[in-house]
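Beneath this line is the structure, given in structure tokens, with notes to follow.
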Amino acid sequence: MVGLRERKKQRTRQALVEAALKLFDEKGYEETTLAEIAAAADVSTRTFFSYFAGKEDVIFGDLKGWLDAAIAEWAVLAPDESPADLLLRMIDESHERLAVHNEVTAKDAALLTRLVMSEPALQAKALHLLFDSQLTLARGLHEAYAGELDLIDAAAAVGAVVGAAKLAAFASLDGDPSPEEVRRAARRAAELAASGLRTLGRQPS
1 MVGLRERKKQ
11 RTRQALVEAA
21 LKLFDEKGYE
31 ETTLAEIAAA
41 ADVSTRTFFS
51 YFAGKEDVIF
61 GDLKGWLDAA
71 IAEWAVLAPD
81 ESPADLLLRM
91 IDESHERLAV
101 HNEVTAKDAA
111 LLTRLVMSEP
121 ALQAKALHLL
131 FDSQLTLARG
141 LHEAYAGELD
151 LIDAAAAVGA
161 VVGAAKLAAF
171 ASLDGDPSPE
181 EVRRAARRAA
191 ELAASGLRTL
201 GRQPS
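FYI, in UniProt numbering the residues of the sequence shown are 1 to 205.
So, in structure tokens, the structure goes:
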């Protein structure tokens with residue numbers, strides 16, 4: 001159970017995210033200041049920095065923390081869990097985490113996507129994070145299946161499953177979907193990609 005202190009922190013973080021996205025939409029990303037975001041969320045600029053290092057972090061979140069947590073869990077594999085199964089488990093767990101820390105609605109996710117696609121600085125950051133995060137996951141998958149899966153196969157598996165899930169999630173944002181509809185689209189795409197990877201590594205019983 002999440003304690004009162006943690007719930008208050010989650011509410012403050014969500015208020016900052018919502019305030020930032022609203023200002024980015026109204027004023028533009030570059031024109032919005034950190035002080036304005038903090039004021040709109042009714043907190044101090046110092047409090048803003050307790051949650052985010054800057055405006056980019058509001059957009060992209062704590063990706064490194066999520067990657068570290070996901071890979072740490074790969075140290076313990078379920079019996080006969082294949083690389084494809086492991087990647088699907090990771091996607092399911094990331095969706096569960098989002099359900100608990102639901103900072104961005106589907107509508108805001110569509111706005112966030114538009115911002116990333118229209119702001120050159122955010123485009124560059126997103127491209128860097130895409131390659132860096134998938135390479136990190138590929139190395140983690142390779143280590144989880146040491147002796148069974150080389151780095152190239154691990155990279156192909158991550159690119160197929162994670163790439164499919166991300167693209168399907170973005171594609172599903174057309175038409176104001178619910179968060180559950182976005183999750184279903186990502187999971188379906190991940191399953192389709194994973195179905196062609198069952199020959200990698202361990203085989204399910």
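Where is the CB? At the ideal position from N, CA and C, for every residue including glycine.
Identify, in the order they occur along the chain, each residue of the same chain with its Cβ nearer than 8 Å to the Cβ of residue i, setting aside the five sequence neighbours on each side.
| i | result |
| --- | --- |
| Glu-96 | none |
| Asp-92 | Arg-187 |
| Val-161 | Ala-84, Leu-87, Leu-88, Ile-91, Ala-190, Ala-193, Ala-194, Leu-197 |
| Ala-185 | Ala-168, Ala-169, Ala-171, Ser-172, Pro-177 |
| Leu-63 | Leu-129, Ser-133 |
Please determine, among the options, the residue with the shortest C-alpha to C-alpha distance to residue i.
| i | options | result |
| --- | --- | --- |
| Ala-75 | Leu-86, Trp-66, Gly-65 | Leu-86 |
| Ala-39 | Lys-22, Pro-177, Ala-154 | Lys-22 |
| Arg-46 | Lys-9, Ala-35, Glu-56 | Ala-35 |
| Leu-67 | Ser-133, Ala-165, Pro-179 | Ser-133 |
| Arg-139 | Ala-156, Thr-113, Asp-62 | Ala-156 |
| Met-117 | Ile-59, Leu-77, Leu-16 | Ile-59 |
Using the Cα positions of residue i and residue j, report the straight-line distance between them to the nearest angstrom.
| i | j | result |
| --- | --- | --- |
| Ala-20 | Thr-33 | 9 Å |
| Tyr-145 | Gly-65 | 22 Å |
| Glu-148 | Val-158 | 15 Å |
| Glu-6 | Pro-79 | 34 Å |
| Arg-114 | Lys-166 | 15 Å |
| Asp-108 | Leu-151 | 36 Å |
Should residue i be labelled buried (16 or more other beta-carbon atoms within 10 Å of its own) or exposed?
| i | result |
| --- | --- |
| His-142 | buried |
| Ser-172 | buried |
| Lys-27 | exposed |
| Arg-11 | exposed |
So is the beta-carbon of residue i under 8 Å away from any non-hydrogen atom of the ligand FMN?
| i | result |
| --- | --- |
| Gly-163 | The model on display carries no ligand, and the ligand FMN is accordingly not part of it. |
Could you pull out every residue in the same chain whose Cβ sits closer than 7 Å to the Cβ of residue i, ignoring the five residues on either side in sequence?
| i | result |
| --- | --- |
| Ala-110 | Leu-173 |
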